[in-house]
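Structure record follows, encoded as structure tokens.
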Amino acid sequence: MFSGISLGSFPDISLSEARAIREEYRALLAQNIDPKTHRGHLHKTKADDLANTYESMAWAWFEYRKTKKNFSLDYQKDVASLIRRNLLPHFGALPISAITAPMALKAFKRYQDEGTLEKLKRTIQKHNEIMTYALHRGYISSNPTEKISKEFDSPTVEHFKTIKPEDLG
């Protein structure tokens with residue numbers, strides 16, 4: 001049975017655009033793919049991408065993390081601030097599945113350039129926790145930024161100096 005599919009109305013879609021769409025649909029039919037189903041899948045994918053932005057995933061992870069131990073109110077404030085100031089300006093509006101390693105390198109490089117390596121380390125840690133949260137829930141199939149911390153310098157640890165017993169007097 002024939003199932004019709006609308007290409008759009010004439011003033012909105014030109015004749016040449018309609019012909020191009022027709023050829024695209026013929027190519028799909030040649031591969032035994034129903035154009036109507038394919039178009040519905042594309043719309044669903046776009047809707048999922050809009051719903052599954054980095055920002056929505058970051059706050060979902062944050063709510064999940066609040067239920068775990070070792071996440072005091074003061075630490076929650078610090079993490080929420082880190083997400084708002086260090087992560088959302090770079091990735092917030094993007095679909096979580098669109099985040100790539102080169103994007104993250106570019107976003108995180110400024111912290112190394114500024115010499116704020118401890119901030120860089122904490123930002124990458126939280127970013128990877130958000131990406132892992134999305135991975136474990138099926139929003140992404142892999143975390144392309146999993147080992148991105150290897151690309152940057154590590155902060156140097158400075159321990160407090162010890163006082164020798166003989167110096168105490």
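So in full-length UniProt numbering, spot 159 of the sequence shown is number 159, and the numbers just go up one at a time. Quick reminder that beta carbons are idealized off the backbone N, C-alpha and C, glycines included.
Distance between L87 and S142 (C-alpha atoms, nearest Å):
Along the sequence shown, one-based indexing puts residue 142 at 142. Along the sequence shown, one-based indexing puts residue 87 at 87. Computed Cα separation, rounded: 19 Å.
Please state whether DSSP places P102 in a helix, a strand or coil.
As a working note, residue 102 is residue 102 in the sequence shown. Note: P102 maps to helix in three-state DSSP.
Taking 8 Å as the cut-off, does the segment 131-141 touch the segment 109-119 (at least 3 CB pairs, one atom from each stretch)?
no
Hey, T145 and A104 are a contact pair by Cβ (cut 8 Å); roughly how many whole angstroms apart?
As a position in the sequence shown, residue 145 is number 145, starting the count at 1. As a position in the sequence shown, residue 104 is number 104, starting the count at 1. Going by Cβ atoms, the distance from T145 to A104 rounds to 4 Å, so yes, they are a contact pair.
Local Cβ density within 10 Å of F91, reported as buried at 16 or more and exposed below that
For the purposes of this step, residue 91 is identified with residue 91 of the sequence shown, where counting begins at 1. Sixteen is the threshold: when 16 or more other Cβ atoms of the shown chains lie within 10 Å of the Cβ of F91, as they do, the residue is buried.
Is P95 helix, strand or coil by DSSP?
What you label residue 95 is simply residue 95 of the sequence shown in a count that begins at 1. If DSSP states are grouped into helix, strand and coil, P95 belongs with the strands.
Distance, K36 Cα to L29 Cα:
Residue mapping note: residue 29 aligns to position 29 of the sequence shown, counting from 1. Residue mapping note: residue 36 aligns to position 36 of the sequence shown, counting from 1. Cα-Cα distance, rounded: 10 Å.
Distance, M57 Cα to A98 Cα
Numbered from 1 along the sequence shown, position 98 holds the residue referred to as residue 98. Numbered from 1 along the sequence shown, position 57 holds the residue referred to as residue 57. Their backbone Cα atoms lie some 13 Å apart in a straight line.
Roughly how many angstroms lie between the CA atoms of F62 and Y139, to the nearest whole one?
Taking the first residue of the sequence shown as 1, we reach residue 62 at position 62. Taking the first residue of the sequence shown as 1, we reach residue 139 at position 139. Looking at the two C-alpha atoms, the distance is approximately 16 Å.
Look at the alpha carbon of K106 and the alpha carbon of P155, and state the distance between them as a whole number of angstroms.
Residue mapping note: residue 106 aligns to position 106 of the sequence shown, counting from 1. Residue mapping note: residue 155 aligns to position 155 of the sequence shown, counting from 1. One C-alpha to the other measures close to 19 Å.
Would you call the CB atoms of F108 and I124 closer than 8 Å?
Looking up residue 108 in the sequence shown gives position 108. Looking up residue 124 in the sequence shown gives position 124. Against a cut-off of 8 Å, the Cβ pair of I124 and F108 comes out as a contact.
Just mark M1 as buried or exposed, buried being the case when its beta carbon has 16 or more other beta carbons within 10 Å.
As a working mapping, residue 1 is identified with position 1 in the sequence shown. Note on M1: pLDDT 44, under 50, position unreliable in the model; the coordinate value appears next. M1 should be labelled exposed.
Should P102 be labelled buried (16 or more other beta-carbon atoms within 10 Å of its own) or exposed?
Residue mapping note: residue 102 aligns to position 102 of the sequence shown, counting from 1. It counts as exposed.
Considering only DSSP beta bridges, list what T53 is partnered with.
Walking along the sequence shown from the start, residue 53 turns up at place 53. Answer by DSSP bridge pairing, in chain order: P95.
Reduced DSSP secondary structure (H/G/I, E/B, other) of T162
Residue 162 sits at position 162 when you count from the first residue of the sequence shown. Coil.
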